[in-house]
Amino acid sequence: MAQLEYRLDGDQCRLSGALSFDTAAEFESLIASLAGRSEELIINLAEISHADSAATAFMVELYRRVSLAGGQISFVEVPPHILSVLAMTSLDTILPIAA
160 MAQLEYRLDG DQCRLSGALS FDTAAEFESL IASLAGRSEE LIINLAEISH
210 ADSAATAFMV ELYRRVSLAG GQISFVEVPP HILSVLAMTS LDTILPIAA
């Protein structure tokens, strides 16, 4: 079974594993734990090995919830397969993605 793991180190959260429908319950828990942060948050996706369209839903919901709490978020080291989906849906122009 696919797993999603994360490590929080200061203002950076490093995700690894799968960001997919199979791990939706895990990322719902992660969103809940990160959503109340009012400082800048960096989400590093370099170690995501598998992603499906649920990855975009995760990114949008996390961005929405952190923003509502008054925080700032950016996504870094986004894998090419996720970037291509974001580009097809124009979410790359909405979500704060750092090079």
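Per the working numbering, the sequence shown starts with residue 160, numbered consecutively.
From the three backbone atoms N, C-alpha and C, an ideal C-beta is built for every residue, glycine too.
Through-space distance from residue j to residue i, alpha-carbon basis
i, j, result
"Val-235", "Ala-205", "8 Å"
"Pro-255", "Asp-181", "25 Å"
"Leu-245", "Asp-251", "5 Å"
"Ala-161", "Ile-190", "18 Å"
7 Å CB neighbourhood of residue i in its chain, flanking five on each side removed
i, result
"Glu-198", "Asp-170 and Gly-230"
"Asp-213", "Per the sequence shown, residue 213 should be read as Ala rather than Asp. Closer than 7 Å at Cβ, skipping near neighbours: Leu-178, Ser-179, Phe-180 and Ala-183."
"His-240", "Ala-210"
"Thr-215", "Val-244, Leu-245, Thr-248 and Leu-250"
Nearest-angstrom beta carbon gap, residue j and residue i [assumed within contact, 8 Å]
i, j, result
"Leu-163", "Glu-185", "4 Å"
"Ala-228", "Ala-194", "6 Å"
Sheet register partners of residue i (DSSP bridge)
i, result
"Val-235", "Asn-203"
"Ile-256", "Phe-234"
"Leu-163", "Gly-176"
Contacts around residue i, its chain only, beta-carbon distance under 8 Å, and the 5 residues preceding and following it disregarded
i, result
"Ile-232", "Glu-199, Leu-200, Ile-201, Ile-202, Leu-221, Tyr-222, Val-225, Ser-226 and Pro-255"
"Pro-238", "Leu-204, Ala-205, Ile-207 and Ala-210"
"Tyr-165", "Cys-172, Arg-173, Leu-174, Ser-175 and Leu-189"
Test: residue i CB closer than 8 Å to a CB of chain B
i, result
"Ile-232", "The structure shown contains no chain B; it is built from a single protein chain."
Where in the stretch 169-232 do unbroken runs of the alpha helix (DSSP H), each at least 4 residues long, occur, reported from the N-terminal end onward? 183-193 and 213-227
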